[in-house]
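**Student:** Encoded as structure tokens, here's the structure I'll be asking about.
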Ligand code: THG
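In my numbering, the protein residues as written are 1 to 367.
And the structure:
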């Protein structure tokens, strides 16, 4: 593999010094920022994540802060998910769509106060869309990227590690809720959430200067828990059916195609951009949809391009994420499949860069 050429455009994070001291082996780029992809190997990292606890530098999940009297109105303009009953300690996974219903991002929204929100974004320059909407609609709201960097604690021993640093009260934080906890003389939002199915927390580290002190405190407290540096793990997230924006779905796809129809309240939420387009899809149903797929044979090559899915001579979709799982003893994958061929058990052919393989559509992900 080739090397990466660091530059000022490729932003470091408050935790990069710690990540590098722990021996990061590869980085990706996400929101113009460094995102580690493995430390030992993707397989060894995945095994450890399922058994112990890891500290993840996910600062690249940048926040868009909405602040002002129209913040809530703007948040609801962005998404078809009903935000009207959202409490001031809640996080919601929200599809963000354009006027055609195409997905622009799939962030986590954090409601801090009625007039203050964070949109914790996936990999697209969403802030430009948000600012454009606010200008176009004459909204009274400030929109900016605050100095806030998520640090995720993931794995079965997350509660024990977090309690050692923040006290036992952290155990009471409920799924997709948050509470404020003090560290270094500053309050930080800590939510029970994260991009794995192993359980854990996300600390929205408020202030660059708290990054390394917190990183070090977590590693010191976690020695006897076998704490390690980790990162979103390809095997674990595909097994868990967690989607990656830009890979598994793009602006070409609506939320129903992405399997996020349950987050579209198209009958009631009419003050969202794209609601008319989404109401039509809700009525007619999507023509293709995300599916978990297993791919037969030994380890597939790197899935760094779309792999066409065929049924005979007919093209019926594509695979966007695929990796060998030693835990399932098969290749686990995520793809988009036409309605005609999306039933569980359907056998297809997937065209990888090293040749065709048999692919089987699954009912659910592996967890
Ligand atoms: N945490 C935070 N910000 C993020 C991510 C995150 N921004 C970028 C990216 N990840 C956004 N994408 C996702 C995808 C899946 C989930 C969260 C963010 C997720 N899904 C759960 C699931 O599918 O099981 C729960 C969804 C629900 O029921 O609400 O957690 O990880 N801060």
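Positions of the beta carbon are idealized from the N, C-alpha and C atoms, including for glycine. Keep in mind that this is a model prediction, so the values were computed, not measured.
1. So residue 83 and residue 133 are supposed to be a Cβ contact under 8 Å. How far apart are they, rounded?
2. Let me know the alpha helix (DSSP H) ranges lying completely inside the segment 224-309, each 4 residues or longer, listed in chain order.
3. Can you tell me which of 89, 218, 327 puts its alpha carbon nearest to the alpha carbon of residue 366?
4. Can residue 38 be considered in contact with the ligand THG, in the sense that its beta carbon sits closer than 7 Å to one or more heavy atoms?
5. What residue range is occupied by the uninterrupted beta strand (DSSP E) comprising residue 119?
6. Alpha carbon to alpha carbon, how far is residue 136 from residue 39? Give it in angstroms, no decimals.
7. Is residue 103 closer than 8 Å to residue 251 when the C-beta atoms are compared?
8. Assuming residue 152 and residue 93 form a contact by the criterion Cβ under 8 Å, report the distance between their Cβ atoms to the nearest whole angstrom.
9. For residue 163, which residues of its own chain have a beta-carbon under 7 Å away from its beta-carbon, when the five flanking residues on both sides are left out?
10. Whose CA, out of 244, 286, 238, lies closest to the CA of residue 261?
11. CA-CA distance, residue 321 and residue 31?
12. Please determine whether the Cβ atom of residue 243 lies at a distance below 7 Å from any heavy atom of the ligand THG.
13. Quick check on the burial criterion: 16 or more other C-beta atoms within 10 angstroms. Buried or exposed for residue 368?
14. Taking the beta strand (DSSP E) that residue 187 belongs to, which residues open and close that run?
15. Quick check: does the Cβ of residue 153 come within less than 7 Å of any heavy atom belonging to the ligand THG?
16. Would you please state the rounded distance, in angstroms, between the beta carbons of residue 197 and residue 236? I believe it to be under 8 Å.
17. Quick one: grab the DSSP three-state call for residue 46.
18. Apart from the five residues just before and just after residue 1, which ones in its own chain have a Cβ nearer than 8 Å to its Cβ?
19. Looking only at its chain, what residues have a beta carbon closer than 7 Å to the beta carbon of residue 12, apart from the 5 residues adjacent to it on each side?
20. Would residue 100 pass as a contact of residue 258 if the rule is Cβ separation under 8 Å?
21. Counting Cβ pairs, one atom from each stretch, are 3 or more of them under 8 Å apart for the segment 63-77 and the segment 205-219?
22. Count the C-beta pairs between the segment 122-131 and the segment 264-272 that are closer than 8 Å, then say yes if the count reaches three, no if not.
23. Can you tell me which residues form a DSSP beta bridge with residue 64?
24. Would you kindly check if the distance between the Cβ of residue 279 and the Cβ of residue 266 is under 8 Å?
25. Please determine, among 238, 346, 42, 114, the residue with the shortest C-alpha to C-alpha distance to residue 231.
26. What does the alpha-carbon distance come out to for the pair residue 187 and residue 309?
27. Is residue 48 buried or exposed, if buried means 16 or more other CB atoms sit within 10 Å of its CB?
28. Quick one: using the 10 Å Cβ neighbour count with 16 as the cut-off for buried, is residue 348 buried or exposed?
29. Could you check the C-alpha separation between residue 105 and residue 130 for me, to the nearest Å?
30. Check whether the Cβ atoms of residue 149 and residue 97 sit closer than 8 Å, and answer yes or no.
31. Using a Cβ-Cβ cut-off of 6 Å (strictly less than) and excluding sequence neighbours within five positions of residue 159, which residues of its own chain qualify?
32. Sorry if obvious, but does the Cβ on residue 122 come closer than 7 Å to a heavy atom of the ligand THG?
33. Span of the alpha helix (DSSP H) holding residue 219?
34. Determine the DSSP secondary structure at residue 206, reduced to helix, strand or coil.
35. Excluding the 5 residues flanking residue 166 on each side, which residues of the same chain have their C-beta closer than 6 Å to its C-beta?
**Tutor:** Looking at the coordinates:
1. Actually they do not touch by this definition, with Cβ atoms about 15 Å apart.
2. Counting whole runs of 4 or more residues, the segment 224-309 contains the alpha helix (DSSP H) stretches 234-239, 275-284.
3. Of 89, 218, 327, the residue nearest in Cα terms is 327.
4. Closer than 7 Å to some heavy atom of the ligand THG: that does not describe the Cβ of residue 38.
5. Counting along the chain, the beta strand (DSSP E) containing residue 119 begins and ends at 116-120.
6. Here the alpha carbon of residue 39 sits roughly 45 Å from the alpha carbon of residue 136.
7. Judged by their CB atoms, residue 251 and residue 103 are nearer to each other than the 8 Å cut-off.
8. With 8 Å as the limit, residue 152 and residue 93 do not qualify as a contact, their Cβ atoms being about 15 Å apart.
9. Non-local C-beta neighbours of residue 163 in its own chain, meaning closer than 7 Å and more than five positions away in sequence, comprise 170, 171, ordered along the chain.
10. Measuring from the Cα of residue 261, the nearest candidate turns out to be 286.
11. Distance between the alpha carbons of residue 321 and residue 31 is about 19 Å.
12. Residue 243 Cβ: within cutoff of the ligand THG.
13. Because the chain in this structure spans residues 1 to 367, residue 368 falls outside the shown range and cannot be described.
14. Unbroken beta strand (DSSP E) run through residue 187: 186-191.
15. No, since every heavy atom of the ligand THG falls outside the 7 Å radius drawn around the Cβ of residue 153.
16. Rounded, the Cβ-Cβ distance is 7 Å, consistent with contact.
17. In the three-state reduction of the DSSP assignment, residue 46 falls in the helix class.
18. The answer, listed in chain order, is 26.
19. 34, listed in sequence order.
20. Result no, Cβ atoms of residue 100 and residue 258 do not sit closer than 8 Å.
21. Judged by Cβ distances under 8 Å, the segment 63-77 makes no contact with the segment 205-219, as fewer than three pairs qualify.
22. Remark: fewer than three beta-carbon pairs, one from each stretch, lie closer than 8 Å, so the segment 122-131 and the segment 264-272 are not flagged as touching.
23. Paired residues: 119.
24. Contact check for residue 266 against residue 279 passes: the beta carbons are separated by less than 8 Å.
25. Of all alpha-carbon atoms in 238, 346, 42, 114, the one lying nearest the alpha-carbon of residue 231 is that of 42.
26. If you draw a straight line from the Cα of residue 187 to the Cα of residue 309, it is about 49 Å long.
27. With 16 or more Cβ atoms within 10 Å of its Cβ, residue 48 is classed as buried.
28. By the 10 Å Cβ count, residue 348 comes out buried.
29. Residue 105 and residue 130: Cα-Cα distance of roughly 11 Å.
30. Not closer than 8 Å, so no.
31. The beta carbon of residue 159 sits closer than 6 Å to the beta carbons of 171 from its chain, once the five residues preceding and following it are set aside; these are given in chain order.
32. At least one heavy atom of the ligand THG lies closer than 7 Å to the C-beta of residue 122.
33. Going by DSSP, residue 219 is part of the alpha helix (DSSP H) stretching over 211-221.
34. Of the three classes helix, strand and coil, the one that applies to residue 206 here is strand, per DSSP.
35. Cβ within range, chain order: 181.
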